Every structure is written in C-alpha cells, then in structure tokens.
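S.K.:
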Amino acid sequence: MNGQEAFQDALDRLVEEGGLLGAALVRRDGIPVLGSYRRSISEEVFTAMAAAMWGAAEAALAEWGSDAADWLRVDGPAIGLAGISLDDENLLVAVAERLQDDVHDRLQTAAQGMRAVLAG
Amino acid sequence: MSKHSILIVDDEEDILESLRDLFEVAIDGARCLTARDGEEALATLGREQVDLIVSDFKMPGMDGLEFLERARQKAPRVPRIMMTAFPDLEIAIQAINTAKIETFFTKPLDPDKVIQSVRDILDERRARGQRDQAMSRAMDLLRRKKEGMA
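Residue numbers (my numbering), protein chains in the order written: chain A, 8 to 127; chain B, 23 to 172.
(1) Among residues of its own chain, excluding the 5 on either side of residue 90 (chain B), which ones have a beta-carbon nearer than 8 Å to its beta-carbon?
(2) From residue 65 (chain A) to residue 73 (chain A), what does the alpha carbon distance come to, in whole angstroms?
(3) Below 8 Å between beta carbons: does that hold for residue 98 (chain A) and residue 58 (chain A)?
(4) Quick check: what's the CA-CA separation for residue 167 (chain B) versus residue 20 (chain A)?
(5) Among B:169, B:164, B:170 and B:160, which residue has its Cα nearest to the Cα of residue 55 (chain A)?
(6) Residues in the same chain with beta-carbon distance under 7 Å from residue 82 (chain A), minus the five sequence neighbours each way, listed in chain order, please.
(7) I need the boundaries of the alpha helix (DSSP H) containing residue 61 (chain A), first residue and last residue.
(8) Which residue's Cα is closest to the Cα of residue 2 (chain A): A:89, A:121 and A:48?
(9) Using a Cβ-Cβ cutoff of less than 7 Å, which residues in the same chain neighbour residue 37 (chain A) once the five nearest sequence positions on both sides are dropped?
(10) Leaving aside the five residues before and after residue 70 (chain B) along the sequence, list all residues of the same chain whose C-beta is less than 8 Å from its C-beta, in chain order.
(11) Which partner residues does residue 181 (chain B) have in the DSSP bridge list?
(12) Name the residue from B:33, B:151, B:63 and B:111 whose alpha carbon lies nearest to the alpha carbon of residue 95 (chain A).
(13) Is it the case that the Cβ atoms of residue 45 (chain A) and residue 22 (chain A) are separated by a distance below 8 Å?
(14) Look at residue 101 (chain A) and residue 27 (chain A) and say whether their C-beta atoms are less than 8 Å apart.
(15) Looking at C-alpha atoms only, which residue of A:111, A:69 and A:119 is the closest neighbour of residue 87 (chain A)?
(16) Could you give the residue range of the beta strand (DSSP E) that holds residue 79 (chain A)?
(17) For residue 12 (chain A), go through chain B and note every residue whose CB falls closer than 8 Å to its CB, in chain order.
(18) So, does the CB of residue 77 (chain A) fall closer than 8 Å to a CB anywhere in chain B?
(19) Which full runs of the alpha helix (DSSP H) of 4+ residues lie inside the stretch 79-122 of chain B, going along the chain?
(20) Please list, in chain order, the residues of the stretch 146-171 of chain B that have any C-beta partner in chain A closer than 9 Å.
(21) Would you verify that the beta carbon of residue 16 (chain A) is, or is not, closer than 8 Å to some beta carbon of chain B?
(22) Out of B:169, B:112, B:42 and B:83, which one is the CA nearest neighbour of residue 51 (chain B)?
(23) Since residue 58 (chain A) meets chain B, which of its residues come closer than 9 Å, beta carbon to beta carbon?
(24) Suppose you measure from the CA of residue 42 (chain A) to the CA of residue 114 (chain A); what does that come to, to the nearest Å?
(25) What is the DSSP secondary structure of residue 13 (chain A), counted as helix, strand or coil?
(26) On the three-state DSSP scale, how would you describe residue 72 (chain B)?
(27) Measuring straight from C-alpha to C-alpha, what distance separates residue 107 (chain B) and residue 86 (chain B)?
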C-alpha cells in the first residue's frame with residue numbers, strides 16, 4: 008500500500024469506525040488532497056472554507072501572541088466540524104452529525120498515523 | 023525543490039559564502055541568492071521570487087539602511103534583516119522605523135541565533151501565505167456561488 012492508499016484507508020476507517028459523515032486531508036491553502044464522505048458534497052467548497060476558517064482562527068490567535076492552532080471545533084445544531092493540524096502544510100478535518108466527546112482523541116490517533124505517512 | 027529563497031547582501035565575499043552555506047545546510051529547502059551591493063540586490067529583487075532579505079549595513083555606495091528602505095518599497099511583503107559589526111542605537115531605530123526590519127544581528131554572528139530567527143520569520147511568512155490563499159480561495163468560491171444564484 009503506497010502513501011496515498013494508506014491515507015485513503017485511514018480516512019475511510021475514521022469515517023466508518025468513528026461514525027462520521029466525512030473526513031478529509033486538506034492543504035492549508037484550501038486545496039483538497041483526499042477525502043472520505045458518506046454524502047455527495049462540494050469538496051472544493053468544504054475544504055476551502057475549512058482551511059479559511061482555520062487560517063482565520065490562527066490569525067486571531069496570532070494577535071494574542073500564539074504561534075498556531077492545534078485543534079478547532081465548531082458545533083452546530085445539526086452538524087459539527089473538527090479539525091486537527093497534521094503538519095505545516097496539512098490539516099485533518101472531520102464532520103459528524105453530533106461530535107462525540109472523544110472526537111479529539113480519535114482524530115489525534117488518526118493524525119499520528121497520518122503524520123508518520125507524511126513524514127515518509 | 024526549494025521552498026525558501028533568501029537574498030543575502032554583503033560586500034564581503036566570505037560573509038556571503040558563509041551565510042549561504044549556513045542557510046542552505048540548516049534550513050530545509052533554502053536557496054540562497056547573493057549580491058555584493060544594494061544596486062545588484064535591488065536588481066535581483068526585481069526578477070527573482072525572494073522570501074527573505076538579509077543585508078549588511080556597511081557597504082560602499084548604497085548602505086544597508088538605504089537598500090532595505092528601497093527594498094521595502096519594491097517588495098513590501100518580503101521580510102528584512104540587517105546585520106552590522108557597528109551596533110549603533112540611532113541606526114537601529116532608523117532600521118526599525120523606516121526600513122521596518124524584522125530583526126537586527128550584530129557581527130560576529132551567532133549562527134544558532136541567526137538560524138532560529140530566520141526559521142521563525144520564514145515559518146511565519148509561509149503560514150501567512152497559506153492563510154491568504156485559503157481566504158482568497160474561499161472568497162472566490164463564495165463569489166461564484168453568489169453569481170450562480172443571481
């Protein structure tokens with residue numbers, strides 16, 4: 008299994024086992040890299056907005072002297088979104104109908120494996 | 023593939039070589055461009071993509087302060103660092119206020135401090151670029167969506 012396949016497999020398992028609606032590897036400039044989705048969505052819009060939201064959060068934190076964000080969570084009435092930093096170039100973003108309390112831990116576990124793949 | 027282009031400006035060849043070697047070894051993906059004076063550096067700035075400028079202060083002809091001020095006008099988003107063997111408070115104030123430098127190194131340079139400062143500046147620049155691109159892409163998509171709905 009090559010790197011891309013390993014990543015896709017990790018995303019598929021994260022969605023399946025985590026009961027998520029979708030998960031994606033997103034570049035920080037908003038370009039989608041890989042995704043696993045239970046529904047048909049505009050991946051371009053989703054990843055661009057997720058990355059923009061991440062960038063805006065980091066810009067806000069920077070005003071307070073913070074280097075960067077590690078973790079982002081947005082809870083809505085019907086859908087929640089969570090993101091975790093993978094490395095300087097990439098984010099892991101997940102969506103669920105209701106984010107469970109352990110979503111951070113599950114994303115962190117998935118992220119550790121993905122970081123190892125990214126590091127080559 | 024180089025990730026960062028650093029323009030080093032100094033009239034002393036051995037300083038140029040030492041800094042180029044230091045940056046290209048210590049900073050992942052660094053490509054160094056060198057110039058022996060301000061005019062050559064401004065010409066390089068005009069034709070090359072540069073991510074950081076590191077300039078000596080004392081140079082014949084155009085000094086580092088004048089060069090960095092002109093570099094700021096030519097490429098305002100490229101961060102600037104000044105080095106000098108003659109630390110002078112007035113020059114430092116001018117460098118900060120007018121040339122808007124990021125930081126100031128005194129010679130002889132401490133390689134570890136120089137590398138850390140350069141890394142921090144380049145990391146911040148990269149992060150800012152990514153944020154800008156993400157925002158720009160998102161705004162473009164919003165606009166297209168709005169036009170599609172109009």
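Even for Gly, the Cβ is constructed at its ideal location relative to N, Cα and C.
Nothing here was measured: the structure is a model prediction, and the numbers come from that model.
M.R.: The relevant details are as follows:
(1) Taken in chain order, the residues that qualify are 75, 77, 102, 104, 117, 121 and 123.
(2) 8 Å
(3) yes
(4) 32 Å
(5) B:160
(6) Excluding sequence neighbours, residue 82 (chain A) sits near 106.
(7) First-last of the alpha helix (DSSP H) with residue 61 (chain A): 50-69.
(8) Since the first and last residues shown for chain A are 8 and 127, residue 2 (chain A) lies out of range.
(9) In the same chain as residue 37 (chain A), and ignoring 5 residues on each side of it, the C-beta atoms closer than 7 Å to its own belong to 54, 55, 58 and 59, in chain order.
(10) In the same chain as residue 70 (chain B), and ignoring 5 residues on each side of it, the C-beta atoms closer than 8 Å to its own belong to 27, 29 and 55, in chain order.
(11) No statement about residue 181 (chain B) is possible, as the shown extent of chain B runs from 23 to 172 and does not include it.
(12) It is B:151.
(13) yes
(14) yes
(15) Residue A:111 holds the alpha-carbon nearest to the alpha-carbon of residue 87 (chain A) among A:111, A:69 and A:119.
(16) 78-82
(17) Chain order gives no chain B residues near residue 12 (chain A), where near means a beta carbon separation below 8 Å; the closest approach is about 24 Å.
(18) no
(19) If only uninterrupted alpha helix (DSSP H) runs of at least 4 residues are considered, those enclosed by the stretch 79-122 of chain B are 86-96 and 111-119.
(20) 146, 148, 149, 150, 151, 152, 153, 154, 155, 156, 157, 158, 159, 160, 161, 162, 163, 164 and 167
(21) no
(22) B:42
(23) 152, 153, 155, 156, 157, 159 and 160
(24) 14 Å
(25) DSSP places residue 13 (chain A) within a helical segment (H, G or I) once states are collapsed to three.
(26) In the three-state reduction of the DSSP assignment, residue 72 (chain B) falls in the coil class, being assigned neither a helical nor a strand state.
(27) 12 Å
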